[in-house]
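Protein chains in written order, with this note's numbering: chain A, 12 to 305; chain V, 12 to 305.
A virtual CB, placed ideally from N, CA and C, is assigned to each residue, including glycine.
2 protein chains.
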Amino acid sequence: MNELDCYLDDKRNLVNQALKTCLPQKGPTAVREAMRYSLEAGGKRLRPILTLAVADTLNYKDNSVMDVACALELIHTYSLIHDDLPAMDNSDLRRGKPTCHKVFGEANAVLAGDALLTLAFEVLGRYGLNCGSAKKAMQITCEMAKAAGVTGMIGGQVLDLESEGKNISSSELETMSRMKTGALLKASVDCGAVAADATEAQKEILGEYAADIGTAFQIVDDLLDYESSEEELGKPVGSDRERFKPNYPSVLGPEKARQQAQMLYEQAINKVNELNCSPGLLVGLAEKMVNRKK
Amino acid sequence: MNELDCYLDDKRNLVNQALKTCLPQKGPTAVREAMRYSLEAGGKRLRPILTLAVADTLNYKDNSVMDVACALELIHTYSLIHDDLPAMDNSDLRRGKPTCHKVFGEANAVLAGDALLTLAFEVLGRYGLNCGSAKKAMQITCEMAKAAGVTGMIGGQVLDLESEGKNISSSELETMSRMKTGALLKASVDCGAVAADATEAQKEILGEYAADIGTAFQIVDDLLDYESSEEELGKPVGSDRERFKPNYPSVLGPEKARQQAQMLYEQAINKVNELNCSPGLLVGLAEKMVNRKK
């Protein structure tokens, strides 16, 4: 295993341990089981790892940044549960397992999603009381809520649902992808930067890096949906096509989509090389995100 | 109009104005319309008014407490939208109008609820950056998230759904009601107290007051469902009975339920009279909550 893979493995384990401690110990079993099921369904933990990698890149050592990382994964997991609901994407499979509502019923799935979203902000509240700078925590709360809200992730999901069966332009597609996936990925980097006391100049560089890899990540996601086998992907493939959902390969063509992902990746790398500290980790992560197979 | 009614009217107008400014100006129209529809469907604004009344009782003059009040109403409204969903209570009518999913479709209703919940924490984040004490804001964030989460409102909704068609004991009913309705009402008072720089002694008194009026409020709610006409209530009556949902009149009998509400009301009044400042407003509010007709 190379150095980066060791790092990712290590961080993923730490995130998984920390997430376990976030889950509530009390309250009705049904909804807590549903929360745990989806949270422990084996995600890549990309968002929290991005946050931790930014802190490590900036040589910030305080462990409290893990709270910020966990809040992002809680929000990401809630969004997957709600996106999979029958009224939304109506998905039966996620990460190779039956979706939350298939196992726990629709009511518990809605409530488990609500609870994970709420928990994210409880975790941030606790972070604010423990991290030594409540002001920093409030900035992060604001940033994360905005990224998850109507001008970010939720807005993107609305556009995604509305795009079914329609022809949309490449710029509409870009807006949708920036909101639906990009906003929370960017927040993962931006909140890591705030938590790790980045300078304004560093924040700007990291923000541009994050925007580029966020879009590149979505393009690759679309390409995998377009090309992979179900076994490789852990969820039904071609589901966009089946639902007549426009995505990068369908709007730009697969070849041009791949080129654009590559271009954004290179742009992100160039950007992050401007940092006044060693960017190897963030370069490696970007490379992983663009060259992944699932 | 008596003095209390004038106060309530005045605060309700201020809350309504403030809520309008909370709503996002950007993002897809469908979800923003759904958010506005439910937020402006004519609620009593009980939770934000409780928060403001606590601040007024403690003679706290800073306007920033309105942000805290708005966050509570945003959370309350989201919970109504999700509770009404077909997978939950499957309600067609709320406050005399078709429910959110009836007008905007189920997907937009789920997302509008998610967005209102998320917005509540964005508003709290902004409050923290503006109120002069980010630490206070983090305490409020923690408190509100806990009240809205699995050990509070969401947990209560799970128990409520699970209780359908079952016989439950009066102590189980009390737990359910304390979580489902009581927790956010109590948070409205508790967060008002934190925002208004209450002393520890004041917080304790206000907390006990809030717990009592919270339960009394739920008992009255159940009695209204049991006794009122649809026209008076603005939603279908007897809906608990129709769904075989246990509630205070069905578990205790209507007479004993009424007595218990009265007892809790008197206990709350006695408590709040221990405050070292004039409690007239909170006494009046408690009286309103117990003697309301809808």
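Assigned exposure category for residue i - 16 Cβ within 10 Å defines buried
i	result
Met-149/A	buried
Asn-101/V	exposed
Cys-17/A	exposed
Phe-115/V	buried
Gln-270/V	exposed
Lys-22/A	buried
Ala-145/A	buried
Asp-171/V	buried
Asn-178/V	exposed
Thr-32/A	exposed
Glu-266/V	exposed
Glu-14/A	exposed
Ser-90/A	buried
Asn-119/V	buried
Met-12/A	exposed
Ser-310/A	It is not possible to answer for residue 310/A, since the shown part of chain A is limited to 12 through 305.
Lys-282/A	buried
Gln-28/V	exposed
Ala-212/A	exposed
Coil, strand or helix - residue i by DSSP
i	result
Lys-108/V	strand
Asn-255/A	The question names Asn, yet the displayed sequence has Phe at residue 255/A. Three-state DSSP puts Phe-255/A in coil, outside helix and strand.
Asn-284/A	coil
Cys-142/A	coil
Gln-278/V	helix
Ala-222/V	helix
Asp-343/A	For chain A, the structure presents residues 12 to 305; residue 343/A sits outside this window and is missing.
Ser-49/V	helix
Arg-56/V	coil
Tyr-71/V	coil
Glu-215/A	helix
Gln-168/V	helix
Asn-302/V	helix
Gly-193/A	helix
Asp-100/A	coil
Val-161/A	coil
Met-12/A	coil
Gln-270/A	helix
Pro-260/A	helix
Nearest to residue i (by Cα), restricted to the options the options
i	options	result
Leu-19/V	Leu-293/V, Lys-305/V and Lys-304/V	Leu-293/V
Asn-302/A	Gln-273/A, Val-283/A and Arg-106/A	Gln-273/A
Asn-70/V	Ala-221/V, Thr-210/V and Pro-260/V	Thr-210/V
Ala-198/V	Met-155/V, Ala-98/V and Val-169/V	Met-155/V
Lys-157/A	Met-300/V, Leu-195/V, Leu-135/V and Met-164/V	Leu-135/V
Leu-34/V	Thr-162/A, Leu-130/A and Ser-181/A	Thr-162/A
Glu-219/V	Ala-297/V, Glu-183/V and Ala-207/V	Ala-297/V
Ala-232/V	Ala-268/V, Leu-85/V and His-87/V	Correcting the residue type first, residue 232/V is Asp in the shown sequence and not Ala. Considering only alpha carbons, the answer is Ala-268/V.
Gly-264/V	Glu-277/V, Leu-104/V, Tyr-276/V and Glu-238/V	Glu-238/V
Asp-78/V	Met-99/V, Leu-184/V, Ala-206/V and Ala-126/V	Ala-206/V
Ser-180/A	Lys-304/A, Pro-257/A and Thr-68/A	Pro-257/A
Thr-88/A	Glu-183/A, Glu-215/A, Leu-63/A and Arg-105/A	Arg-105/A
Gly-295/V	Leu-234/V, Gln-28/V and Thr-68/V	Thr-68/V
Asp-6/V	Met-300/V, Asn-284/V, Met-164/V and Tyr-138/V	Outside the modelled stretch of chain V, which goes from 12 to 305, sits residue 6/V, for which no answer is possible.
Lys-7/V	Ala-212/A, Leu-235/A and Met-164/A	An answer regarding residue 7/V cannot be provided, because it is not within the stretch 12 to 305 covered by chain V.
Ile-216/A	Glu-183/A, Asp-208/A, Leu-235/A and Asn-284/A	Asn-284/A
Leu-235/V	Leu-140/V, Leu-63/V and Lys-304/V	Lys-304/V
CB contact flag (residue i, residue j, <7 Å)
i	j	result
Ala-66/A	Gly-203/A	yes
Arg-56/A	Val-26/A	yes
Pro-39/A	Gly-143/V	no
His-93/A	Gly-124/A	yes
Glu-175/V	Phe-255/V	yes
Pro-59/A	Leu-83/A	yes
Leu-61/V	Val-200/V	yes
Leu-130/A	Leu-85/A	yes
Cys-81/V	Leu-122/V	no
Tyr-259/A	Ile-230/A	yes
Ala-222/V	Gly-160/A	no
Glu-117/A	Ala-98/V	yes
Leu-128/A	Leu-128/V	yes
The ligand ADP heavy atom lying under 6 Å from the CB of residue i
i	result
Asp-223/V	With respect to the ligand ADP, the structure offers nothing, as it holds no ligand at all.
Any C-beta of chain B under 7 Å from that of residue i
i	result
Thr-129/V	Considering every chain present, this structure includes no chain B. Its protein chains are A and V.
Do three or more CB pairs link the stretch 226 to 234 of chain A to the stretch 183 to 195 of chain A at distances below 8 Å?
yes
Is the stretch 280 to 293 of chain A touching the stretch 37 to 55 of chain V in the sense that three or more CB pairs, one from each, lie closer than 8 Å?
Per the Cβ contact rule, the stretch 37 to 55 of chain V is not in contact with the stretch 280 to 293 of chain A (fewer than 3 Cβ pairs under 8 Å).
Counting pairs of beta carbons, one from the stretch 47 to 55 of chain V and one from the stretch 132 to 150 of chain V, are three or more of them closer than 8 Å?
no
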